[in-house]
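A.B. asks: The structure follows.
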Amino acid sequence: MPTDWAEVYRATYADLVRFLYRKVWETDRAQDLAQEVFVRALDHDPDNPRAFVFTVAANLARDEARAAVRQRRHLLLIRGEPAPSAPAPDQELEVKERHRVVQRALEQLTDRDREVLLLWDAGFDYDEIAAQTGLARGAVGTTLSRARRRLVEAHAAMEGRDAALG
Amino acid sequence: MRHLDDGQIAELIDSADRRTGGPADRGIESHLSDCAACRERVEEARQIAARARSILATAVPVAPAGTVVPPFDEILHRAGQGRRGGKGGGSLRWLAWAATLVVAGGLGWYARGELRVTSPRAAPVAVSQPAAEADAIQPKDDERRANLRDTAAARNEQVARGAGGAVAPAGRLAEPAAPRLEAGAQREGLASRDRPAEEAKTAAAAAAPPAPSAPAPLPVARRAADSGAAARELRLRQAPVTEAEQTPLTLGATGQRADVLDRRIVTTREEAERVMGGRLVSLDGLPIDTYYVLPAEPGVIQTEQRLPRGGTLELEQWRANTPRSQVQQRGGLFFQQPMADSATVAAESLQIDGLKIVGRAPISADSLRVLLRRLRR
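So the sequence lines, in the order shown, correspond to chains D and W.
Oh and the first sequence: position 78 is 78 in this note's numbering, straight run, nothing missing.
Oh and the second sequence: position 275 is 275 in this note's numbering, straight run, nothing missing.
Structure, rendered in structure tokens:
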């Protein structure tokens with residue numbers, strides 16, 4: 001039976017945008033990439049559509065990160081333009097600051113730990129995480145435990161430093 | 001049981017969170033009921049997991065109201081656009097590549113000045129060398145014909161005298177002064193091989209004897225020891241001289257040739273095919289100047305076909321089952337002599353329907369190969 005991509009889209013889109021956002025840290029870009037994931041997925045009929053779209057998303061985000069290095073200046077310019085429906089400036093500043101701390105905390109993790117952590121947060125079980133990342137099934141728990149601890153510690157360190165700075 | 005490791009604890013709390021049934025190993029639960037340290041670690045891991053999830057929950061995208069999940073039709077529309085754009089772009093890219101290759105190939109071909117065949121029948125041929133260079137290789141047609149007409153007339157007269165009873169010993173059919181003159185002309189022609197072409201032409205023209213007053217017998221039969229060859233030679237000589245014999249004999253498209261006296265003109269194609277023992281191949285659309293046979297190598301025929309822009313295509317052919325001499329085994333009978341202008345002469349060998357062929361022409365090797373591919377019986 002062919003994949004009902006419309007149903008997968010409705011059930012997965014929000015999780016996918018969130019997953020992508022924690023990689024690109026741009027709402028519009030995360031949404032755009034999420035749609036691009038489904039555009040690419042339409043031609044396929046995978047056994048596990050949800051895992052498939054997250055795999056495509058991870059690859060797209062990786063490509064996006066490489067491209068972002070080249071386009072950083074241009075992206076900063078775009079980000080500086082206020083969107084019509086954006087939050088109020090003070091709220092936006094607070095949200096941005098929170099996201100910046102999380103982003104920096106996540107950057108303290110290794111690529112593999114970060115990937116496992118984000119997949120776990122996206123709702124993947126251990127088998128799916130193992131299939132997605134290539135880890136052995138028995139190593140997922142250990143990796144995930146380490147990733148969560150490092151994230152919490154790094155985040156606390158960031159918040160403590162920011163509080164100390166004032 | 002040993003204490004639980006981090007992986008077991010992580011799986012324990014995550015499976016509990018998902019309500020998917022705990023770890024298969026019920027020993028873990030019994031260990032936890034007995035081990036306070038592991039219970040403490042599980043609780044700590046649960047708090048860390050909850051904290052990690054809450055940290056990640058703060059980093060969610062800020063989506064404008066009403067655009068959280070765009071309609072799926074947008075995806076379909078975007079996919080359609082992508083396909084159209086992709087296909088069009090791909091086609092354009094392929095066209096661009098194809099055009100680039102065609103232009104590059106054309107420029108390369110033009111730059112090399114390769115021979116180009118545009119009609120299978122008429123065979124218009126573009127010779128790689130400039131016309132001036134081709135002229136330098138060979139004498140002008142009129143001049144060549146004048147020389148050879150004189151030579152043919154002298155030979156007719158010599159044959160007539162021989163038929164009248166004064167047959168000279170094999171290998172020396174004519175004596176002495178005129179042959180010496182002719183031999184001198186040949187030596188002059190050979191010696192001039194390394195001189196500039198103009199000098200060679202002048203020498204050949206000056207050495208040609210005047211036909212009416214001093215008929216020059218053709219020096220023949222260098223292989224006099226071969227009596228069979230001599231007999232065939234005589235028969236050929238007694239054949240009536242036709243227009244074919246008025247064509248260039250001693251000077252071909254490739255310049256002066258030392259072996260020219262070892263071959264004999266055959267009157268017609270039928271005769272040539274009879275000598276060879278099969279049908280000849282030739283290039284459609286190019287006039288055949290001459291059929292040659294070599295008495296020492298029966299069964300081997302050489303034809304000369306004029307190229308449209310000057311020069312001659314020489315084809316040496318023999319049946320594959322013809323016993324071959326050492327010379328033949330080296331790849332050609334008439335072509336053993338090095339050419340003064342060898343840099344501009346190409347030779348190729350091939351086999352068609354049991355016929356072995358060696359072709360030579362004052363054109364590039366690629367052009368010659370193109371020509372030879374069009375050979376037909």
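Glycine is no exception: its CB is placed at the ideal position from the N, C-alpha and C atoms.
Note that this is a predicted model, so its numbers are computed, not measured.
Given that D/ARG112 touches chain W, what residues does it touch there, using C-beta distances under 8 Å?
C.D. replies: Near D/ARG112 there are no residues of chain W at all, since even the closest Cβ is about 15 Å away, more than 8 Å.
A.B. asks: For the region 122–142 of chain D, which residues have a beta carbon sitting closer than 8 Å to at least one beta carbon of chain W?
C.D. replies: Within the region 122–142 of chain D, the residues whose Cβ lies closer than 8 Å to some Cβ of chain W are ASP125, TYR126, GLY138, ALA139, VAL140, GLY141 and THR142, listed in chain order.
A.B. asks: If I follow the unbroken beta strand (DSSP E) through W/TRP318, where does it start and stop?
C.D. replies: From DSSP, the beta strand (DSSP E) with W/TRP318 extends over 312–319.
A.B. asks: List the residues of chain W that D/PHE38 touches, going by C-beta distances under 7 Å, in chain order.
C.D. replies: Correct list: ILE75.
A.B. asks: Assuming W/ILE357 contacts W/VAL281 (C-beta within less than 8 Å), just tell me the rounded distance between them.
C.D. replies: With 8 Å as the limit, W/ILE357 and W/VAL281 qualify as a contact, their Cβ atoms being about 6 Å apart.
A.B. asks: Quick test of your reading: W/THR303 and W/ILE288, contact by CB under 8 Å. State the CB separation rounded to the nearest angstrom.
C.D. replies: Right, the Cβ-Cβ distance comes to about 6 Å (below 8 Å), so this counts as a contact.
A.B. asks: Could you work out which residue in W/GLY80, W/ALA99, W/GLU314 and W/ILE9 is closest to D/ALA41 when comparing CA atoms only?
C.D. replies: Closest option to D/ALA41, Cα to Cα, is W/GLY80.
A.B. asks: Measure how close the beta-carbons of D/LEU135 and D/LEU106 come, nearest whole angstrom, since I'm counting them as under 8 Å.
C.D. replies: In fact, because the Cβ distance is near 18 Å, the residues do not count as touching under 8 Å.
A.B. asks: Could you name the residues of the same chain whose beta carbon sits closer than 8 Å to that of W/ILE13, not counting the 5 residues immediately before and after it, in chain order?
C.D. replies: So the qualifying residues of the chain are VAL42, ALA45, ARG46 and ALA49.
A.B. asks: Hey, how far is the Cα of D/VAL39 from the Cα of D/GLY138?
C.D. replies: C-alpha separation (whole angstroms): 34 Å.
A.B. asks: Count the other CB atoms within 10 Å of the CB of D/PHE19; is the residue buried (16 or more) or exposed (fewer)?
C.D. replies: Per the 10 Å Cβ criterion, buried.
A.B. asks: Can you tell me where the alpha helix (DSSP H) holding W/ARG51 begins and where it ends?
C.D. replies: Taken as a continuous stretch (DSSP letters only), the alpha helix (DSSP H) holding W/ARG51 covers 36–58.
A.B. asks: In chain W, what lies closer than 8 Å to D/HIS99 by C-beta?
C.D. replies: Those are THR58 and ALA59, listed as they occur along chain W.
A.B. asks: Closer than 6 Å by C-beta to D/ARG114: which residues in its own chain qualify, once you throw out the five before and the five after it? Chain order, please.
C.D. replies: Excluding sequence neighbours, D/ARG114 sits near LEU106.
A.B. asks: Cα-Cα, which of D/THR110, D/GLU36, D/LYS96 and D/LEU144 is closest to D/TYR126?
C.D. replies: The residue with the shortest Cα to Cα distance from D/TYR126 is D/LEU144.
A.B. asks: By how many angstroms is the C-alpha of D/ARG10 removed from the C-alpha of D/GLU36?
C.D. replies: Those two C-alpha atoms are separated by around 15 Å.
A.B. asks: Indicate whether at least one CB of chain D lies closer than 7 Å to the CB of W/ARG78.
C.D. replies: Closer than 7 Å: yes.
A.B. asks: Determine the extent of the alpha helix (DSSP H) in which W/ARG360 is found, giving its start and end residues.
C.D. replies: Not the alpha helix (DSSP H): W/ARG360 falls in the beta strand (DSSP E), residues 355–361.
A.B. asks: What does DSSP give as the partner residues of W/SER15 in its beta bridges?
C.D. replies: Paired residues: none, contrary to the question.
A.B. asks: Going by the CB atoms, is the gap between D/ARG148 and W/ALA37 shorter than 7 Å?
C.D. replies: No, these two residues do not count as a Cβ contact at 7 Å.
A.B. asks: Tell me which residues share the same chain as D/HIS155 and place their Cβ nearer than 6 Å to its Cβ, disregarding the 5 neighbours each side in the sequence.
C.D. replies: The residues are ALA105.
A.B. asks: Give the single residue among W/ALA365, W/ALA347, W/GLN317 and W/PRO71 whose Cα lies nearest to the Cα of W/ARG376.
C.D. replies: The shortest Cα separation from W/ARG376 among W/ALA365, W/ALA347, W/GLN317 and W/PRO71 belongs to W/GLN317.
A.B. asks: Kindly list, in the order they appear in chain W, the residues whose Cβ is closer than 9 Å to that of D/LEU117.
C.D. replies: What D/LEU117 touches in chain W: ALA52 and LEU56.
A.B. asks: Note down the Cα distance separating W/ALA10 from W/HIS3, rounded to an integer number of angstroms.
C.D. replies: Roughly 14 Å between the two C-alpha positions.
A.B. asks: Please state if the CB of W/THR58 and the CB of D/VAL249 are separated by a distance shorter than 7 Å.
C.D. replies: Outside the shown range of chain D, which is 1 to 166, sits residue 249 of chain D, and nothing can be said about it.
A.B. asks: Just the C-alpha distance for W/LEU372 and W/GLY359, rounded to the nearest angstrom, thanks.
C.D. replies: Going from the Cα of W/LEU372 to the Cα of W/GLY359 covers about 7 Å.
A.B. asks: Which of the residues in the region 346–363 of chain W, read from start to end, lie with their CB under 9 Å from any CB of chain D?
C.D. replies: Per Cβ criterion, the list is empty.
A.B. asks: Considering only their Cβ atoms, is the gap separating D/ASP15 from D/ALA122 smaller than 7 Å?
C.D. replies: It is a contact, given that the beta carbons lie within the stated cut-off.
A.B. asks: Within 7 Å (strictly less), CB to CB, does D/ASP162 reach chain W?
C.D. replies: No, its Cβ sits nowhere closer than 7 Å to a Cβ of chain W.
A.B. asks: Using a C-beta to C-beta distance shorter than 9 Å, which residues of chain D count as neighbours of W/GLY7?
C.D. replies: GLY138, ALA139, VAL140, GLY141, THR142, THR143, LEU144 and SER145, listed in chain order.
A.B. asks: D/VAL116: which of D/GLN91, D/ARG146 and D/GLU92 sits nearest, CA to CA?
C.D. replies: Looking at the Cα atoms, D/ARG146 is the closest of the given residues.
A.B. asks: Is DSSP giving W/SER364 helix, strand or coil here?
C.D. replies: Residue state, collapsed to three classes: coil.
A.B. asks: Looking only at C-alpha atoms, which of W/VAL69, W/PRO70 and W/ASP5 sits nearest to W/ARG39?
C.D. replies: When only C-alpha atoms are compared, the closest one is W/ASP5.
A.B. asks: Which chain D residues are close to W/PRO308, counting only those with a beta carbon under 7 Å from its beta carbon?
C.D. replies: Going along chain D, no residue has its Cβ under 7 Å from W/PRO308, so there is no contact; the nearest lies around 57 Å.
A.B. asks: Give me the Cβ distance between W/LEU313 and W/LEU283, rounded to the nearest whole Å; I'm assuming they're in contact under 8 Å.
C.D. replies: Correct: roughly 6 Å between the Cβ atoms.
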